[in-house]
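Report on the following structure.
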Amino acid sequence: MQKHPLVTTRSLTLAAMLAAVYTVVSFALLPLSFGIVQVRVAEALTLLPVFSPAAIWGVTVGCLLTNLIGVATGAVLPMDIFVGTAATLLAALFTRKLRGFTWRGLPVVSVLPPVVFNGIFVGAELTWMFTPDTPALFWMNAASVAVGELAACGVLGLALVWCIQRAGLGRAMA
Numbered sequence: 202m203q204k205h206p207l208v209t210t211r212s213l214t215l216a217a218m219l220a221a222v223y224t225v226v227s228f229a230l231l232p233l234s235f236g237i238v239q240v241r242v243a244e245a246l247t248l249l250p251v252f253s254p255a256a257i258w259g260v261t262v263g264c265l266l267t268n269l270i271g272v273a274t275g276a277v278l279p280m281d282i283f284v285g286t287a288a289t290l291l292a293a294l295f296t297r298k299l300r301g302f303t304w305r306g307l308p309v310v311s312v313l314p315p316v317v318f319n320g321i322f323v324g325a326e327l328t329w330m331f332t333p334d335t336p337a338l339f340w341m342n343a344a345s346v347a348v349g350e351l352a353a354c355g356v357l358g359l360a361l362v363w364c365i366q367r368a369g370l371g372r373a374m375a
């Protein structure tokens, strides 16, 4: 029996396309994508690992590129390259793991990893960057990021997953 290669042209293409879309959407909606109060609409893509492991790398590279360009333009500090990207990678990995927990066919539990990881990681980063003398503000910053993630993933992300399923494209991404 022949094993399937771990990396295929198809999976690389999917990952590259998702990285590009993530980056373009983040910068098209720049005012929403950065800051203490943020709804990074591109984070809706972090639910796509429910369809394919290639999406894990797509959204992670997309986040990395967005943060690299964000640093170059002064929208974010260099720390976000590591912290934000790590949060997105962990969220995507756990989203993939939780894909089987569905409600009415939608992977609602998969919304939690992006909300939790980004809330904690980015909330801590924002607290350290903007209010290092007031660590109690961590919870406010974490909640602010988590609410933005919930809007992006819980509303837009689930709508995107539903549309992909409805169009029968979920298996094509696998």
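Numbered according to this note's numbering, the sequence shown spans residues 202 to 375.
Using N, Cα and C, we set each Cβ at its ideal position, and we do this for glycine too.
- Under the DSSP definition of a beta bridge, residue 307 partners with 304.
- The way I'd put it, the stretch 312 to 327 does touch the stretch 348 to 360; three or more beta-carbon pairs between them come closer than 8 angstroms.
- Taking C-alpha positions only, residue 213 is separated from residue 365 by approximately 19 angstroms.
- Cβ-Cβ distances below 6 angstroms link residue 349 to 239 and 240 in the same chain, with the five nearest sequence neighbours on each side left out; the list follows chain order.
- DSSP, read as helix, strand or coil, puts residue 224 in helix.
- Around the beta-carbon of residue 281, 16 or more other beta-carbon atoms lie within 10 Å, marking it buried.
- Rounded to whole angstroms, the gap between the alpha carbons of residue 294 and residue 257 is 6 angstroms.
- 305 is the residue among 225, 291, 333 and 305 whose C-alpha sits nearest the C-alpha of residue 359.
- Put simply, the backbone Cα of residue 325 is about 28 angstroms away from that of residue 216.
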